Amino acid sequence: MSRFEYERILAAQALPEQVIATKRTAATAQWHDGASRNLLDDCWLIATEDANVRKDNTRLTLSFDSVIDVGGMTLADERSRQDNLSKKLVCLMAMTYGARRGPLSAERTFRLSLNFDWFVRWRRSRGMEWTSEIRPEHFDGFMECLGSGDILDLVPIIDRLDHLTDKARTGRFSLPISKAAGQLVRVDWTSLAGSLGVNYSALSRSATFRTELIDRLPILAPEYAADLAATTAIHQKGRGDRKRAADAVKTILLPWVYLARLSKGGFLGHDPLSFDPFERGEIGVHAKRIGKDGNRTATLLPRDFFALLNAAAVWVTQYASYIIYAVEQTRCLNEVLNRDYRHYKRERELILADFDRMAPSGLPLLAPDWSSRSHTEGRLSVGDAAKYLMTACAILIAGFGARRLRETTSLQNGCLTEDIPGLCELTIYIEKTLRDCDRIPVPHLVKSAVQVLEALTATTRARTGNRWLFELMRMGRGERKNIPFVLHKTLPEFAALNGLALPDGWDSWAVKPHQLRRGFAVAYYHGFEASSLDALSRFLRHFLPEMTRVYVNEALPGAIGRLREEIAARTQVARGAMSAEDRQWLVDAKKLLDDLADRGAVFNEVRCEALVHCMLAMWDGVETPIGQGAKRLYGDLDGMVAKASAKVRIGSRSNHPEAIRQPLTSLLQDYAKTHYLEPVPGHAAHCGCRPDDADDLAQAACLRAKAGHRSPWQSGGPVHEDVRPDYAFSSAYVCLGCSHCAAFKADQHVLTNTLERLEDAVARGATPASRESAADKLARFKGAIAAAKAATKGRA
-15 MSRFEYERIL
-5 AAQALPEQVI
5 ATKRTAATAQ
15 WHDGASRNLL
25 DDCWLIATED
35 ANVRKDNTRL
45 TLSFDSVIDV
55 GGMTLADERS
65 RQDNLSKKLV
75 CLMAMTYGAR
85 RGPLSAERTF
95 RLSLNFDWFV
105 RWRRSRGMEW
115 TSEIRPEHFD
125 GFMECLGSGD
135 ILDLVPIIDR
145 LDHLTDKART
155 GRFSLPISKA
165 AGQLVRVDWT
175 SLAGSLGVNY
185 SALSRSATFR
195 TELIDRLPIL
205 APEYAADLAA
215 TTAIHQKGRG
225 DRKRAADAVK
235 TILLPWVYLA
245 RLSKGGFLGH
255 DPLSFDPFER
265 GEIGVHAKRI
275 GKDGNRTATL
285 LPRDFFALLN
295 AAAVWVTQYA
305 SYIIYAVEQT
315 RCLNEVLNRD
325 YRHYKREREL
335 ILADFDRMAP
345 SGLPLLAPDW
355 SSRSHTEGRL
365 SVGDAAKYLM
375 TACAILIAGF
385 GARRLRETTS
395 LQNGCLTEDI
405 PGLCELTIYI
415 EKTLRDCDRI
425 PVPHLVKSAV
435 QVLEALTATT
445 RARTGNRWLF
455 ELMRMGRGER
465 KNIPFVLHKT
475 LPEFAALNGL
485 ALPDGWDSWA
495 VKPHQLRRGF
505 AVAYYHGFEA
515 SSLDALSRFL
525 RHFLPEMTRV
535 YVNEALPGAI
545 GRLREEIAAR
555 TQVARGAMSA
565 EDRQWLVDAK
575 KLLDDLADRG
585 AVFNEVRCEA
595 LVHCMLAMWD
605 GVETPIGQGA
615 KRLYGDLDGM
625 VAKASAKVRI
635 GSRSNHPEAI
645 RQPLTSLLQD
655 YAKTHYLEPV
665 PGHAAHCGCR
675 PDDADDLAQA
685 ACLRAKAGHR
695 SPWQSGGPVH
705 EDVRPDYAFS
715 SAYVCLGCSH
725 CAAFKADQHV
735 LTNTLERLED
745 AVARGATPAS
755 RESAADKLAR
765 FKGAIAAAKA
775 ATKGRA
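Letter 149 of the sequence shown, counting from 1, is numbered 133 in my numbering, and no numbers are missing.
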């Protein structure tokens, strides 16, 4: 491809605002921004998120001179000019339009660019210099290569290593190594990767390649073979032969999607893909055929979730002020060390004594060190204690704010407001959809966690001028380094440090940050299980289930409905007639719509899991609910058990009860999508009334009670039509007489307590009239409980 044709095609492309700077090559020092940016440059700095609202990975570099073939051949080579151009066009499309669900973020565009390089490496290794040479059978071969867990399998990496080994025998190649004074001899992975036509990351992380390289070291580097074998084996951290997750396969296939779209639209006339690889099935279909299904982290059961939340609550309520004090004292000690080493030892001993005197019960004794490597034997370093305090805050914020990892760690000072007393709102960055900040309602315990972070990071923020709440500077020995905080790592460490029992079936605490965002839904459906956890139960006293119910059932659907209507109305206008402001509104509105739907999806997922959990407990005999609703649940459960049993008889010879569990669970999961089992405020019952179901609503006792409270003189006015039960008109007595009532063990415990209070009122009534009234209530309440038990007689 000629240079003239290359420049002509790029000159026709608009330079998007997402490209904030460019430079000639990756090795060039000088960046050019503003009007000096140039698409002809082979290194672009891109950003799609505001660095002022998101903390990490907001600016990423796209390289168009990366290594793509043996001998260090790069995309900047004139022999690969067509691929350099195709990669630039693919990245431009990804950032501005996208291929499926709108423009990609900078991070996803960066991953796309890396996988485009692998597409080119694979194609060239098959002897095809142009994309237009690829045929459907070649795509099938590409898919076969993805079957292993090692990206290096896309190229004949071992054959290439053998070729270098043969050259080394004759003195034509020498293994690149790095050996600084006083350091171990290591392989220079960057140089070796260039010689083999791949990138540093894939080569150095491949367990298979490291093993093959060690076998050849006596030939490749005879002088250092033993030392290199040791360092190469020590740092082995590859994937082995583990199968890739389906989502990872989709990411690797994404360049094919863009090449197909651009080719079909006529934008790759210089080197088009001649067929659509996804005509025979969407990208997800191909990914599932090759990759592991789901690859989901094991779900934390409510009791394990609450144990983790309780430990976090203990740190925030009982340990926080002490740890914040210890952080400041450790900084002071480091200043002493910088000024006068002779007084350091004495000062350290005084601080240790001070720490021990003030230490709260349950927290390990602290040592005034930043690193765990230097702390006094048997003590926890202040640096680690600060990390675990930030972890505790992250657990509570992510759990009860339903937020993702990077959204939580991007919180800034002043993020929590309480304009109306009791109504806390968190201003937080929304990562996947909105890519901007939004205000979400949160329970009071999130306020406590935010206040702890603001106090902990006050000194850091004063010195740096930043507002981040998950950035803590140690400022020791004249340094201004931050304490490393990686939530993926500190979460399991935090659980282990607090001695939490391992969840059933787990070998170690492997909780992931994304699991935390289910916390608000778990608290809603299972909050009664936290009553025995002192620190958490104090928080949950301020957790209003009705606030969650209104937010999920009314506020979210209402906002989604209004947005959809507005989007539909505005899109009736021809796009060409829209102003730039209208077009931008549509883009932002669709992002917000995705985020609102995502928040509701998290809640709905836990709702379904809770229903399945309850009905499996009924099948196991662990739960024996009472009430008319429970009778209906037993009937539905019996029908599904019969279906599951039939499937087991047809599919296998086993008639063991456990053989039924898997097919029964699948049937219950489908059942949960269209059925409900909502905890009623006060925890006296669960409600099986289905929203928007006219028959169910007509039988709802709370709605009948509500109708009876309507003022007669307002009967001529408009009447709001209920689409779900109204628990403001519910009570233990009302629910017990309802056809939707299912009272489980915890609910029955509440009913027993209510019964005892009524009996006490009869015995202690101040007047005969009050005792008679209490006795009447007691008799009616006993009758309601008896009727509820009779409904499931023989089952409960």
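Ideal Cβ placement from N, Cα and C applies to all residues, glycine included.
As the structure is a prediction and not an experimental result, all values here were calculated from the model.
Run of the beta strand (DSSP E) containing residue i, from where it starts to where it stops
i: Ser188; result: Where Ser188 is concerned, there is no enclosing beta strand (DSSP E), although the alpha helix (DSSP H) it sits in stretches over 184 to 189.
i: Trp28; result: 27 to 30
i: Ile52; result: 51 to 53
i: Ser47; result: 44 to 47
Helix, strand or coil at residue i according to DSSP, with G and I counted as helix
i: Leu130; result: coil
i: Val3; result: strand
i: Ile118; result: coil
i: Thr154; result: coil
i: Thr149; result: helix
i: His16; result: strand
i: His670; result: strand
i: Gly222; result: Low confidence applies to Gly222: its pLDDT is 41, below 50, so where it sits in the model is not reliable, and the reading given next is rough at best. If DSSP states are grouped into helix, strand and coil, Gly222 belongs with coil.
i: Leu350; result: strand
i: Thr658; result: coil
i: Cys719; result: helix
i: Thr608; result: coil
i: Ser629; result: helix
i: Ala60; result: coil
i: Pro709; result: coil
i: Pro663; result: strand
Buried versus exposed call for residue i [16 or more other C-beta atoms within 10 Å across all chains shown]
i: His472; result: exposed
i: Cys671; result: buried
i: Tyr81; result: exposed
i: Leu24; result: exposed
i: Phe48; result: buried
i: Trp316; result: Residue identity check: residue 316 is Cys in the sequence provided, not Trp. It counts as exposed.
i: Asp143; result: exposed
i: Val366; result: buried
i: Pro202; result: exposed
i: Ser432; result: buried
i: Trp106; result: buried
i: Val300; result: buried
i: Asn737; result: exposed
i: Ala782; result: This structure does not reach residue 782, given that the chain is present from -15 up to 780, and the question cannot be answered.
i: Asp67; result: buried
i: Trp490; result: exposed
i: His597; result: buried
i: His526; result: Unreliable placement is indicated for His526, whose pLDDT of 38 sits below 50; the coordinate value is still reported in the next sentence. Classification of His526: exposed, given that the 10 Å Cβ count is below 16.
i: Lys766; result: exposed
i: Met342; result: exposed
i: Ala678; result: exposed
i: Arg741; result: exposed
Alpha helix (DSSP H) segment containing residue i, residue limits
i: Glu402; result: No alpha helix (DSSP H) holds Glu402; the beta strand (DSSP E) holding it covers 400 to 404.
i: Ala295; result: 286 to 298
i: Thr9; result: Unbroken run through Thr9: none, as it is neither H nor E.
i: Thr738; result: 729 to 748
i: Tyr242; result: 230 to 248
i: His270; result: 267 to 274
i: Phe100; result: 90 to 109
i: Arg65; result: 65 to 80
i: Ser179; result: 173 to 180
i: Gly767; result: 752 to 775
i: Leu687; result: 685 to 692
i: Ala(-5); result: -13 to -5
Cross-strand partners of residue i (DSSP beta bridge)
i: Gln396; result: Trp452
i: Pro425; result: Glu409
i: Ser365; result: Ala351
i: Cys316; result: None, per the DSSP bridge assignment.
i: Ser162; result: Arg170
i: Pro87; result: Paired residue(s): none; Pro87 is not in a bridge.
Any non-hydrogen atom of the ligand MN within 6 Å of residue i CB
i: Pro665; result: The ligand MN is absent from the structure shown, which contains no ligand whatsoever.
Every unbroken beta strand (DSSP E) within the segment 428 to 470, with a cutoff of 3 residues, ordered by chain: None, since the segment 428 to 470 contains no complete beta strand (DSSP E) of that length.
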